[in-house]
Amino acid sequence: MARYNTTPTLERTEFVGYGPKVDKAWDHITSDVGDQMITREELDRLGLDPTSLTIKNPKTGKVGYRVGMQVFHQLHCLNLLRQHSFKEYYSDKGGDIEVEPEELREHLDHCIESIRTSLMCESDTGVYTYKHYEGFKTHWPDFSTLHTCRNFDAIRDWAFENAVAFGNEGINMHS
């Protein structure tokens, strides 16, 4: 069990705001991970399309299916929205923000839809109460509630253990 604690009077976490320290925190949970490779048996067990892209692991020579994990895509999308909210800072840093406006709009719309569908699918049914916090004129939600969470560190460890670095030479376009 984990207790969320996002009440208005708390200090910000390392994921809030902008700058090198915040970027390092986000990089740790998103862009450092990469894609993974799974076997045909794992693909079948997950009910995924067997005509999906196959790749060859350049380190082991094994052939499998290139996969990405939804959690890391969703975190990437959330990070893009964060960066866009500080676009004055990120506009000249390169990356996903420094693209043509139409391309950025399409990427943002894709990310909003991806996060929306994930939230609706997961549908956290936890409830929260309201409290009065000093310095606030109205009542404010008390988000410090208990949740049953998956072990993100274990998921990230699995992603690293199954990560595959490859170039186009390792990709079989015709599986």
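The opening residue of the sequence shown carries number 55 in the working numbering; numbering runs sequentially from there. Glycine is no exception: its CB is placed at the ideal position from the N, C-alpha and C atoms.
Next item on the list: Specify the secondary structure class of Y72 as computed by DSSP and reduced to three states.
Entry: Position 18 of the sequence shown, counted from the start, is the residue given in the question as residue 72. Coil.
Next item on the list: Just the C-alpha distance for H127 and K185, rounded to the nearest angstrom, thanks.
Entry: Here residue 127 is taken as the residue at index 73 of the sequence shown, counted from 1. Here residue 185 is taken as the residue at index 131 of the sequence shown, counted from 1. Spanning the two alpha carbons is a distance of roughly 34 Å.
Note to self: Here's a check: name, in chain order, each residue in its chain whose Cβ is nearer than 6 Å to the Cβ of L97, leaving out the five neighbours to either side.
What the structure shows: In the sequence shown, the residue the question calls residue 97 occupies position 43. These residues qualify, in order along the chain: Y119.
Notebook entry, point to check: How close, in whole Å, do the beta carbons of N216 and Q90 come, if the pair is a contact with beta carbons under 8 Å?
Noted result: Locating residue 216 in the sequence shown gives position 162, where the first residue counts as 1. Locating residue 90 in the sequence shown gives position 36, where the first residue counts as 1. The beta-carbon distance between N216 and Q90, rounded to whole angstroms, is 4 Å. This is short enough to meet the 8 Å contact definition.
Note to self: Is the beta carbon of V87 closer than 8 Å to that of R170?
What the structure shows: Within the sequence shown, numbered from 1, the residue matching residue 170 stands at position 116. Within the sequence shown, numbered from 1, the residue matching residue 87 stands at position 33. Contact annotation: R170 and V87 have beta-carbon atoms that are not nearer than 8 Å.
Next item on the list: Using a threshold of 8 Å, state whether the C-beta atoms of V121 and I83 are closer than that.
Entry: Taking the sequence shown and counting its residues from 1, one reaches residue 121 at position 67. Taking the sequence shown and counting its residues from 1, one reaches residue 83 at position 29. Between V121 and I83, the C-beta gap is not smaller than 8 Å, which leaves the two residues out of contact.
Checklist line | Alpha carbon of T233 to alpha carbon of Y58, nearest angstrom | finding: Residue 233 cannot be examined here, being either before or after the span of the chain that is shown, 55 to 229.
Next item on the list: In the DSSP assignment, find the alpha helix (DSSP H) that holds D196 and state where it starts and stops.
Entry: The residue labelled residue 196 in the question sits at position 142 within the sequence shown. That residue, D196, is in no alpha helix (DSSP H); its beta strand (DSSP E) goes W194 to D196.
Item checked: For H201, three-class secondary structure by DSSP -> Within the sequence shown, residue 201 is the residue found at index 147, counting from 1. In the structure shown, the three-state DSSP call for H201 is strand.
Next item on the list: Taking only the alpha-carbon atoms, compute the straight-line gap between A219 and P112 and give it to the nearest angstrom.
Entry: For the purposes of this step, residue 219 is taken as the residue at position 165 of the sequence shown. For the purposes of this step, residue 112 is taken as the residue at position 58 of the sequence shown. Computed Cα separation, rounded: 8 Å.
Notebook entry, point to check: In terms of residues, what are the limits of the beta strand (DSSP E) holding T171?
Noted result: Position 117 of the sequence shown, counting from 1, holds the residue named residue 171. It is not in any beta strand (DSSP E) - T171 instead sits in the alpha helix (DSSP H) that spans P155 to E176.
Check: Among V125, S145, L107 and D163, which has the Cα closest to the Cα of G73?
Finding: Walking along the sequence shown from the start, residue 73 turns up at place 19. Measuring from the Cα of G73, the nearest candidate turns out to be S145.
Notebook entry, point to check: Are the Cβ atoms of G180 and T192 separated by less than 8 Å?
Noted result: In the sequence shown, the residue the question calls residue 180 occupies position 126. In the sequence shown, the residue the question calls residue 192 occupies position 138. G180 is not a Cβ neighbour of T192, given a cutoff of 8 Å.
Checklist line | N216 in three-state terms, based on DSSP | finding: Within the sequence shown, numbered from 1, the residue matching residue 216 stands at position 162. Coil, per DSSP.
Check: With burial defined as no fewer than 16 other Cβ atoms inside 10 Å of the residue's Cβ, what is the status of I166: buried or exposed?
Finding: Reading the sequence shown from its first residue, position 112 is the one you call residue 166. Exposed, since its Cβ has fewer than 16 Cβ neighbours within 10 Å.
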